[in-house]
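Encoded as structure tokens, the structure appears first; notes follow it.
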Amino acid sequence: MIALACDHGGLALKAEIKKLLEERGLPYQDFGTESAASCDYALFAYPAACAVASGVCKQGILVCGTGVGMALAANKVKGIRCVVCSDVFTAVLSRQHNNANMLALGERVVGQGLGRLIASMWLDAEFEGGRHTRRIGHIAAIEEGVTPC
Ligand code: RB5
């Protein structure tokens, strides 16, 4: 299951991502928004991020105007590694090296065509493990407060 969410700035690209998932036969859960009315991105990013963090959803894709607000909100949820991507290289490497479990896209930045391609390649890419597992462990330790600032 893929968690989806957007604000008013990401509505059209989220619809394009839904088409992509449907073409691939990948189920999704849409946490809103459903309307073009102005709304607050964190209120939609948060339940989607919680669904990923709890394991209800395997991964998540968030869309707002820039992707930034959605990613900032999602990354406040423990266990979430959400990356804003505007290019396919970063998207693929964020899976291979960082095991990113959420992708944030900016519809006003990448548009629907590139946004769909980034999402597609991000979904295809696999975490490589190895040394990257140790490095992600350091991020988790920071999150746990193991190492004081
Ligand atoms: C909404 O105008 C815009 O601020 C939002 O979609 C997003 O870009 C925030 O990071």
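The opening residue of the sequence shown carries number 831 in my numbering; numbering runs sequentially from there.
No residue lacks a Cβ here, since even glycine has one placed at the ideal position from N, Cα and C.
In this structure Asp837 is buried. Its beta-carbon is surrounded by 16 or more other beta-carbon atoms within 10 angstroms. The DSSP-derived three-state label of Leu856 is coil. A distance below 7 Å separates the beta carbons of Leu843 and Glu937. In chain order, the residues that have a beta carbon nearer than 6 Å to some heavy atom of the ligand RB5 are Asp837, Gly839, Tyr871, Cys894, Gly895, Thr896, Val898, Gly899. Judged by their CB atoms, Met932 and Val882 are nearer to each other than the 7 Å cut-off. Residue pairing by DSSP places Cys869 opposite no residue, since no beta bridge is assigned to it.
In the structure shown, Gly899 falls within a helical segment according to DSSP collapsed to helix, strand and coil. Taking a C-beta distance under 7 Å as the contact criterion, Ala835 and Ala875 qualify as a contact pair.
In terms of Cβ geometry, Met831 and Cys887 form a close pair [threshold 7 Å].
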